[in-house]
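Written below as structure tokens is the structure these notes are about.
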Amino acid sequence: MFRDRGIEIKTREQILAMRKAGLVVGRTLELLRGAVRAGITTGELDAIAEDNIRSSGATPSFKGYHGFTGSICASVNDEIVHGIPGDRVLADGDLISIDCGAIVDGWHGDAAITVGVGGPDAVGDELLELARICEESMWRGFAAARLGGRLSDISAAVEAHVRANSSYGIVEDFVGHGIGSAMHQPPNVPNFGRPGRGPKLVEGMALAVEPMLTLGKQDNHTLEDDWTVVTDDGRPAAHTEHTFTLTPQGPWVLTALDGGEAKLAELGVKFGALAD
10 MFRDRGIEIK
20 TREQILAMRK
30 AGLVVGRTLE
40 LLRGAVRAGI
50 TTGELDAIAE
60 DNIRSSGATP
70 SFKGYHGFTG
80 SICASVNDEI
90 VHGIPGDRVL
100 ADGDLISIDC
110 GAIVDGWHGD
120 AAITVGVGGP
130 DAVGDELLEL
140 ARICEESMWR
150 GFAAARLGGR
160 LSDISAAVEA
170 HVRANSSYGI
180 VEDFVGHGIG
190 SAMHQPPNVP
200 NFGRPGRGPK
210 LVEGMALAVE
220 PMLTLGKQDN
230 HTLEDDWTVV
240 TDDGRPAAHT
250 EHTFTLTPQG
260 PWVLTALDGG
270 EAKLAELGVK
280 FGALAD
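Take 10 as the starting number for the sequence shown in this note's numbering and just add one per residue.
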């Protein structure tokens, strides 16, 4: 490992270690996706996540981070990000974004999903489309990444997909980030911008790409708990995230169970796993 202008560049072995953390995160999120239902509390989801992370030989990245009390962030409806899990009971029609991180042997994985509560009929097409475009825009960001390209190629691709398919707000105050031996590292990865700018994308760089979209305006504020970020207009939000790296073959999504192979193939992009 070394640093290039403050950006941590990992060895092949260190990227493989990050994949172990990424798989813990990916499996935990799939477990939580299946556990989301009307009547469950966000605290119960948090307990499921912590148990699975620890039983996998990993440590929750979030718990204790600057005093955060949960192993996941659970953000419901108008909550964009950093929702604290607790006594809130989910109801049919809610939209919940679940952010999860895990550490294995000092290396981090970080990912998020947005899930509707109660199935398509309960959630409705409007919110399902918000979640779908949010996830798709993230994958368009991965598809735009090339060794030798620039970081803002990812940002521009995320924004272009959102703008071409919706009038959603793109949250600008919270962005993706570098990740590796710490959960949050340089560089920031905005979800908007022009291509061809920022640091060069090189082998050994690992990034968490995480678009956050709002059904209304992107303006937001933080609640008195000093964590939970909500939309100013009270309209719902969605948040999707994966950790990825670039190999000579292409993108490798470290927190996706298949490494991103299926989604990248849909976009005509070659999958670049070092292992699996």
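Don't be surprised by glycine CBs; every beta carbon is placed ideally from N, CA and C.
Rounded separation between residue i and residue j - CA only
i    : j    : result
T20  : T123 : 32 angstroms
G157 : V211 : 6 angstroms
G125 : A47  : 10 angstroms
G277 : E135 : 28 angstroms
R63  : S175 : 39 angstroms
P208 : E168 : 18 angstroms
A173 : A166 : 11 angstroms
R141 : K272 : 13 angstroms
V367 : L232 : In the structure displayed, the chain extends from 10 to 285; residue 367 sits before or after that span and is not available.
F201 : D162 : 10 angstroms
A215 : Y74  : 20 angstroms
F183 : W236 : 12 angstroms
Q194 : A217 : 10 angstroms
G259 : R203 : 22 angstroms
G225 : E22  : 43 angstroms
E145 : F151 : 10 angstroms
S70  : V45  : 21 angstroms
A284 : D242 : 45 angstroms
G178 : A67  : 35 angstroms
For residue i, the first and last residue of its enclosing beta strand (DSSP E)
i    : result
E219 : Here E219 belongs to no beta strand (DSSP E), and DSSP marks it neither H nor E.
E88  : E88 to V90
D119 : W116 to G125
H230 : N229 to T231
N-terminal and C-terminal residue of the alpha helix (DSSP H) that residue i is part of
i    : result
Q23  : R21 to A44
V132 : P129 to V132
D162 : L160 to N174
Residues bridged to residue i (per DSSP)
i    : result
A247 : L222
C82  : D108
P260 : L255
G187 : Q194 and L216
T237 : T237 is not bridged to any residue.
K72  : The partner list for K72 (beta bridge, DSSP) is empty, contrary to what the question assumes.
K279 : None; K279 has no bridge partner.
V113 : W116
Cβ distance (whole Å) where residue i is taken to contact residue j below 8 angstroms
i    : j    : result
V180 : M221 : 4 angstroms
C82  : D103 : No, C82 and D103 are not in contact; Cβ-Cβ is about 15 angstroms, not under 8 angstroms.
E219 : T249 : 7 angstroms
G185 : W116 : With 8 angstroms as the limit, G185 and W116 do not qualify as a contact, their Cβ atoms being about 18 angstroms apart.
A247 : S106 : 6 angstroms
P94  : D55  : 4 angstroms
A30  : G118 : 4 angstroms
I24  : L41  : Between L41 and I24 the Cβ distance is about 25 angstroms, and since that is not below 8 angstroms, they are no contact.
Where residue i falls: helix, strand or coil (DSSP)
i    : result
D55  : helix
L272 : In the sequence under discussion, the amino acid at residue 272 is Lys, which differs from the Leu named in the question. Helix, per DSSP.
L99  : coil
I93  : coil
I179 : strand
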